[in-house]
DNA sequence: TATGATACTGAACATCTTGTTCGGTTATAT
DNA sequence: ATATAACCGAACAAGATGTTCAGTATCATA
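Residue numbers (our numbering), protein chains in the order written: chain A, 1 to 177; chain B, 1001 to 1177.
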């Protein structure tokens, strides 16, 4: 990829991340983004159709990297759920600066929906380990959302606790250990 | 209150509800609302400062009614958590037409934050009944969010299950029964 | 290092949304 | 019946959106 493209793309991502820390997603304008990233208006639109598309691209970039390979590998290696989750949390902390804004931002549903999808896929692999009477769709959603909330709590407390601790808190309140 | 005010207010609420069923909150414009409600632009702004304020007013109206008295009363009467939650769900179903849009809408954080607040207050009253090692703020958030997700699942399945069933699902996956 | 291709710039643009103002009209309470 | 208050609707400035285009800078590569 052309160096210029990469540079512009990263400048926009960075600007967007920064803005998300102080402003709700829906209140961030394209104008804000191009001002902060210091790129031309037409440049922005040549990269991303809309603000939503920008967010989607950003999610893909991050999550594809974090979840890459880990999910299926771990299951086949028979590691337990808590270990897998710890691993995911480790990766998330590496991306702290990229994602903190989105977790703290009041309204970034696209981001959350994305993460949710990945997590449901992860939990579905472990479905047999659970023994709930509630419908599996209910349970899978419950676990995914609960894990996202655990991450939110973690980010809010500046990711002080270890990934293992957070994973333990999670498996405790969901009775999945 | 002047009949006209009440009528206008209700027309706006109704229009907003309808719009939320088909459109995300952030993509609904004031223009949409006044077109649907068939009220003048200035009329809207004489009732609500912003779109956010409209949503807040709507939340207050609904939740104040639903939670009115119930929370504290039930605790003092020593009813168990599941019974209280069933009660809340009953009330919610009565408001089905008002709230379905907000639960199905992808992005109505103000609404959710509101509900979350009420729920945390409710769960906090029962905090002694739980025996989790995770920090209480973590646990309270976990329970509130999990309950909201249970409601979302319920609304998505058109509130077919009984409130008791949903409450049971919830207490099962959170191990709070 | 020369060159064609490609990405960026920045200004202009029509269009839409917002929130306010104000004179005129209609409904309400008593 | 009348004073009060709410509504209407048109107009407005300010700002955002998404597009276009001619000009400039940077890239890959030969």
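From the three backbone atoms N, C-alpha and C, an ideal C-beta is built for every residue, glycine too.
None of these values were measured; they are calculated from a predicted model.
Practice problem: May I ask you to list, following chain order, the residues of the segment 1136-1152 of chain B that have a beta carbon less than 7 angstroms from some beta carbon of chain A? | Solution: 1138, 1139, 1141, 1142, 1145, 1146, 1149
Quiz prompt | Proximity test, Cβ basis, 8 angstroms: residue 1132 of chain B and chain A | solution = yes
Practice problem: Would you please state the rounded distance, in angstroms, between the beta carbons of residue 967 of chain B and residue 149 of chain A? I believe it to be under 8 angstroms. | Solution: In this structure chain B extends from 1001 to 1177, so residue 967 of chain B is not present and cannot be described.
Exercise. Please work out which residues of its chain come closer than 7 angstroms, Cβ to Cβ, to residue 1047 of chain B, disregarding the five sequence neighbours upstream and downstream, and give them in chain order.
Key: 1008, 1009, 1012
Quiz prompt | Cα-Cα separation, residue 1091 of chain B to residue 1154 of chain B | solution = 14 angstroms
Quiz item: What does a CB cutoff of less than 6 angstroms around residue 34 of chain A pick up in its chain, not counting 5 residues either side in sequence?
Solution: 41, 44
Quiz item: So is residue 43 of chain A in contact with chain B if we call contact Cβ pairs under 8 angstroms?
Solution: no
Quiz prompt | Cα-Cα separation, residue 29 of chain A to residue 122 of chain A | solution = 34 angstroms
Quiz item: Taking buried to mean at least 16 other C-beta atoms within 10 Å of its own C-beta, is residue 171 of chain A buried or exposed?
Solution: buried
Quiz item: Hey, does residue 118 of chain A have any beta-carbon neighbour from chain B nearer than 8 angstroms?
Solution: no
Self-check item: residue 1174 of chain B: contacting residues in chain A (beta-carbon distance under 9 angstroms)
Solution: 142, 146, 173, 174, 175
Quiz item: Run through DSSP, which three-state label would residue 166 of chain A get?
Solution: helix
Self-check item: Sequence-distant residues of the same chain with beta carbon closer than 8 angstroms to residue 19 of chain A, five excluded per side
Solution: 28, 32, 33, 36, 101
Quiz item: How big is the Cα-Cα spacing for residue 1116 of chain B and residue 2 of chain A?
Solution: 47 angstroms
Quiz item: Is it a yes or a no for the segment 1157-1173 of chain B touching the segment 1055-1069 of chain B, going by three-plus beta-carbon pairs under 8 angstroms?
Solution: no
Quiz prompt | Beta-carbon neighbours of residue 26 of chain A, restricted to chain B and to distances below 7 angstroms | solution = 1026
Exercise. Could you tell me whether the Cβ atoms of residue 152 of chain A and residue 103 of chain A are closer together than 8 angstroms?
Key: yes
Exercise. Note down, in chain order, every chain B residue with its Cβ under 9 angstroms from the Cβ of residue 169 of chain A.
Key: 1132, 1133, 1134, 1135, 1138, 1139, 1142
Quiz item: Taking C-beta to C-beta, are residue 166 of chain A and residue 89 of chain A nearer than 8 angstroms?
Solution: yes
Quiz item: Taking the C-alpha atoms as reference points, what is the distance between residue 96 of chain A and residue 1095 of chain B?
Solution: 40 angstroms
Quiz item: Is the CB-CB distance between residue 1173 of chain B and residue 15 of chain A below 8 angstroms?
Solution: no
Quiz item: Which two residues bound the contiguous alpha helix (DSSP H) that contains residue 1005 of chain B?
Solution: 1003-1022
Quiz item: What are the start and end residues of the alpha helix (DSSP H) that includes residue 31 of chain A?
Solution: 30-37
Quiz prompt | Proximity below 8 angstroms, CB of residue 144 of chain A to CB of residue 1146 of chain B | solution = no
Quiz item: First and last residue of the alpha helix (DSSP H) that includes residue 1098 of chain B?
Solution: 1096-1104
Practice problem: Hey, could you find the ends of the alpha helix (DSSP H) residue 1117 of chain B is sitting in? | Solution: 1109-1125
Practice problem: Give the straight-line distance between the Cα atoms of residue 1058 of chain B and residue 1005 of chain B, rounded to the nearest whole angstrom. | Solution: 15 angstroms
Exercise. Look at the alpha carbon of residue 1176 of chain B and the alpha carbon of residue 1109 of chain B, and state the distance between them as a whole number of angstroms.
Key: 26 angstroms
Quiz item: By how many angstroms is the C-alpha of residue 127 of chain A removed from the C-alpha of residue 1158 of chain B?
Solution: 25 angstroms
Exercise. Counting only the same chain and skipping the five closest in sequence on each side, list residues whose C-beta sits under 7 angstroms from that of residue 1124 of chain B.
Key: 1140
Practice problem: Return the chain-ordered list of same chain residues with a C-beta closer than 7 angstroms to the C-beta of residue 1130 of chain B, the five sequence neighbours on each side being excluded. | Solution: 1139, 1176
Quiz item: Going by C-alpha distance, which of B:1025, B:1168, B:1132 is nearest residue 1050 of chain B?
Solution: B:1025
Quiz item: So is residue 1136 of chain B buried or exposed if we call it buried at 16+ other beta carbons inside 10 Å?
Solution: exposed
Self-check item: Candidates A:156, A:87, A:119: closest to residue 168 of chain A by CA position
Solution: A:87
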